[in-house]
Amino acid sequence: IDLGIMVNQNKSLGKDTIELLAVAYHIKAKEKKQVNISDIDKMFKKEINNKKHLVPRPPVITIMGHVDHGKTTLLDYLRHSHVAAHEAGGITQDIGAYQIKEKGKTITFLDTPGHAAFSAMRARGARITDLVVLVVAADDGVMPQTVEAIDHAKAAKTPIIVAINKIDKPGANPKKVTNQLTRYGLIPEKWGGNTIFVNISAKLGTNVKELLDMIILKAEVMELKANPKQNAAGSVIESKLDKGKGPVASVLVQEGTMHIEDPIVVGDTFGRVRTMTNENGKPLKSAGPSTPVEITGLSSVPEAGDRFVVFDHEKDARAAGEQRAEQAQMERRKQDNTVTLSNLFSTM
Ligand code: GDP
Ligand code: MG
Numbered sequence: 201i202d203l204g205i206m207v208n209q210n211k212s213l214g215k216d217t218i219e220l221l222a223v224a225y226h227i228k229a230k231e232k233k234q235v236n237i238s239d240i241d242k243m244f245k246k247e248i249n250n251k252k253h254l255v256p257r258p259p260v261i262t263i264m265g266h267v268d269h270g271k272t273t274l275l276d277y278l279r280h281s282h283v284a285a286h287e288a289g290g291i292t293q294d295i296g297a298y299q300i301k302e303k304g305k306t307i308t309f310l311d312t313p314g315h316a317a318f319s320a321m322r323a324r325g326a327r328i329t330d331l332v333v334l335v336v337a338a339d340d341g342v343m344p345q346t347v348e349a350i351d352h353a354k355a356a357k358t359p360i361i362v363a364i365n366k367i368d369k370p371g372a373n374p375k376k377v378t379n380q381l382t383r384y385g386l387i388p389e390k391w392g393g394n395t396i397f398v399n400i401s402a403k404l405g406t407n408v409k410e411l412l413d414m415i416i417l418k419a420e421v422m423e424l425k426a427n428p429k430q431n432a433a434g435s436v437i438e439s440k441l442d443k444g445k446g447p448v449a450s451v452l453v454q455e456g457t458m459h460i461e462d463p464i465v466v467g468d469t470f471g472r473v474r475t476m477t478n479e480n481g482k483p484l485k486s487a488g489p490s491t492p493v494e495i496t497g498l499s500s501v502p503e504a505g506d507r508f509v510v511f512d513h514e515k516d517a518r519a520a521g522e523q524r525a526e527q528a529q530m531e532r533r534k535q536d537n538t539v540t541l542s543n544l545f546s547t548m
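Residue numbers (full-length UniProt numbering): 201 to 548.
Next comes the structure, spelled out in structure tokens:
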């Protein structure tokens, strides 16, 4: 209590706290092997490397580019001109991601406008997207957020496909824009480079099919695979507190398959997957790799970019979640009053 932590026998304490108490009471504290997120990540990596369970998965695409260059228009065109990967019907929800089907192939698009999740994931060295489609308006050219997007993608080692947009406009000069982009290392194949360029009009739909073909082609070369048979792991795309539903998170399942009732740890929070719906509001019982879903059942609202993992047992999920929540609380506490051995002793 003097450390500002309220506990009872059902709660677990963090390592730092236990070490402090052990010293104060002259007890030797030994660390027990515990389940935590990084162990789970390691387990998953081992599973991922277990090639016999790997099967192809849909590519996850993020559309990036300067404001007003046509990202939303392109996404809207794709969404309306293509059959949703899941059966139609229901209310279309904004879950920050959706899937389309082209030539029998599913493609997952992320449409986080501020790329909050993308940045957060990058800061943690994790990847959320396989491919960036960089939209550059042919009448405006390379702008600050174009450069930012290129930097993001390069730092994350994510391949870029360039879509030069608005070629229907009178002032459009795709060649000039292509030239500008070569300064950032994006050189089209016909100029001796290895970047795919497609000139499109998102508004009219011109060459959008070609762009999709290129995305599929590029994704095939990447041989994207995942193991659907393991516990699900992935990332939060968006989250909010809904008055009726409580904490709601849009998540991208990146590994494994998520099932209703799965015990889950998301960032500093935990819970059980109570409901799971796709972008069309259709309830799902399970969701495999590269599927974006909206879930409820968490004890609090996670942050965009948070990793999630599913545990076999709820008690492990709860312990890991509480441990992480406590760590986060300790971090916050450290910022305003540093807990040290000496001030622990002084309060005894
Ligand atoms: P975002 O900020 O990148 O999402 O850009 P928007 O999709 O909102 O587009 C900004 C403006 O450009 C809107 O008025 C669109 O109608 C217009 N726009 C987008 N794509 C095209 C295009 O291919 N041709 C033309 N003429 N206008 C476009
Ligand atoms: Mg937009």
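Beta carbons: idealized from backbone N, C-alpha and C, even for Gly. Since the structure is predicted, the reported quantities are computational estimates derived from the model, not experimental observations.
Assigned exposure category for residue i - 16 Cβ within 10 Å defines buried
{"i": "leucine 441", "result": "exposed"}
{"i": "asparagine 399", "result": "buried"}
{"i": "asparagine 365", "result": "buried"}
{"i": "aspartate 351", "result": "exposed"}
{"i": "lysine 228", "result": "exposed"}
{"i": "glutamate 287", "result": "Caution is warranted here: a pLDDT of 45 is assigned to glutamate 287, below 50, making its placement in the model unreliable, and the coordinate value is therefore given only provisionally. Exposed, since its Cβ has fewer than 16 Cβ neighbours within 10 Å."}
{"i": "arginine 257", "result": "buried"}
{"i": "valine 510", "result": "buried"}
{"i": "tyrosine 298", "result": "buried"}
{"i": "leucine 498", "result": "buried"}
{"i": "asparagine 379", "result": "exposed"}
{"i": "leucine 331", "result": "buried"}
{"i": "isoleucine 201", "result": "exposed"}
{"i": "alanine 222", "result": "exposed"}
{"i": "glutamine 209", "result": "exposed"}
{"i": "histidine 280", "result": "exposed"}
{"i": "asparagine 506", "result": "One detail in the question is off: residue 506 reads as aspartate in this sequence, not asparagine. Buried, since its Cβ has 16 or more Cβ neighbours within 10 Å."}
{"i": "valine 342", "result": "buried"}
{"i": "methionine 422", "result": "exposed"}
{"i": "glutamate 461", "result": "exposed"}
{"i": "residue 186", "result": "Since the displayed the chain opens at 201 and closes at 548, residue 186 lies outside it and no answer follows."}
{"i": "proline 492", "result": "buried"}
Contacts around residue i, its chain only, beta-carbon distance under 6 Å, and the 5 residues preceding and following it disregarded
{"i": "glycine 405", "result": "Tyr277"}
{"i": "glycine 289", "result": "Bear in mind that a pLDDT of 47 at glycine 289, under 50, signals an unreliable position, so the model cannot answer this."}
{"i": "histidine 459", "result": "Ser486"}
{"i": "proline 463", "result": "Arg472, Phe511, Glu514, Ala517"}
{"i": "alanine 402", "result": "Gly270, Thr273, Leu274, Tyr277, Asn365"}
{"i": "valine 207", "result": "none"}
{"i": "proline 359", "result": "Leu331"}
Segment limits, alpha helix (DSSP H) that includes residue i
{"i": "glutamine 209", "result": "Run containing glutamine 209: none; DSSP gives neither H nor E here."}
{"i": "aspartate 339", "result": "Neither: aspartate 339 is in no alpha helix (DSSP H) and is coded neither H nor E."}
{"i": "valine 509", "result": "No alpha helix (DSSP H) contains valine 509, which is instead part of the beta strand (DSSP E) from 507-510."}
{"i": "proline 344", "result": "344-355"}
{"i": "glycine 281", "result": "Here residue 281 is serine; the residue named in the question, glycine, does not match the sequence. First-last of the alpha helix (DSSP H) with serine 281: 271-281."}
{"i": "alanine 419", "result": "408-422"}
Close beta carbons around residue i, own chain, < 8 Å, minus the five adjacent residues each side
{"i": "glycine 214", "result": "Gln523, Glu526, Gln527, Met530"}
{"i": "isoleucine 291", "result": "With a pLDDT of 46 at isoleucine 291, under the threshold of 50, the modelled position of this residue cannot be trusted; read the value that follows with caution. Same-chain partners within the cutoff: Asn480, Gly481."}
{"i": "threonine 217", "result": "Leu203, Ile205, Glu526, Met530"}
Residue i: first and last residue of the uninterrupted beta strand (DSSP E) it sits in
{"i": "proline 374", "result": "Taken as a continuous stretch (DSSP letters only), proline 374 belongs to no beta strand (DSSP E), being part of the alpha helix (DSSP H) at 374-382."}
{"i": "lysine 305", "result": "305-310"}
{"i": "threonine 217", "result": "Looking at the DSSP string, threonine 217 is not in any beta strand (DSSP E); the run it does join, the alpha helix (DSSP H), is 215-224."}
{"i": "valine 436", "result": "433-442"}
{"i": "leucine 452", "result": "446-455"}
{"i": "leucine 498", "result": "491-498"}
{"i": "lysine 301", "result": "297-302"}
{"i": "threonine 329", "result": "Here threonine 329 belongs to no beta strand (DSSP E), and DSSP marks it neither H nor E."}
{"i": "tyrosine 463", "result": "Correcting the residue identity first, residue 463 is proline in this sequence and not tyrosine. Taken as a continuous stretch (DSSP letters only), the beta strand (DSSP E) holding proline 463 covers 463-466."}
{"i": "alanine 402", "result": "Neither: alanine 402 is in no beta strand (DSSP E) and is coded neither H nor E."}
{"i": "alanine 363", "result": "360-365"}
{"i": "threonine 395", "result": "That residue, threonine 395, is in no beta strand (DSSP E); it is neither H nor E in DSSP."}
{"i": "glycine 471", "result": "469-477"}
{"i": "glycine 265", "result": "260-265"}
Contacting residues, own chain, Cβ-Cβ under 7 Å from residue i (five flanking each side not counted)
{"i": "proline 428", "result": "Val255, Gly456, Thr457, Gly488, Pro489"}
{"i": "valine 466", "result": "Val436, Ala449, Leu498, Pro502, Asp506, Phe508"}
{"i": "lysine 443", "result": "none"}
Cβ-heavy atom distance, residue i to the ligand PLP, below 7 Å
{"i": "leucine 334", "result": "What this structure holds is the ligand GDP and the ligand MG, not the ligand PLP."}
So, do the stretch 476-494 and the stretch 525-533 have three or more beta carbon pairs nearer to each other than 8 Å?
-> Short answer: they don't touch.
Touch check for the stretch 444-459 and the stretch 384-401: three-plus C-beta pairs under 8 Å?
-> The stretch 444-459, when compared against the stretch 384-401, does not touch it at the 8 Å Cβ threshold.
Three or more beta-carbon pairs under 8 Å between the stretch 330-340 and the stretch 367-387, yes or no?
-> The stretch 330-340 is in contact with the stretch 367-387.
Considering only heavy atoms of the ligand GDP, list every residue whose Cβ is less than 6 Å from one of them, following chain order.
-> Cβ-based neighbours of the ligand GDP within the cut-off: Gly265, Val267, Asp268, His269, Gly270, Lys271, Thr272, Thr273, Asn365, Lys366, Asp368, Lys369, Ser401, Ala402, Lys403.
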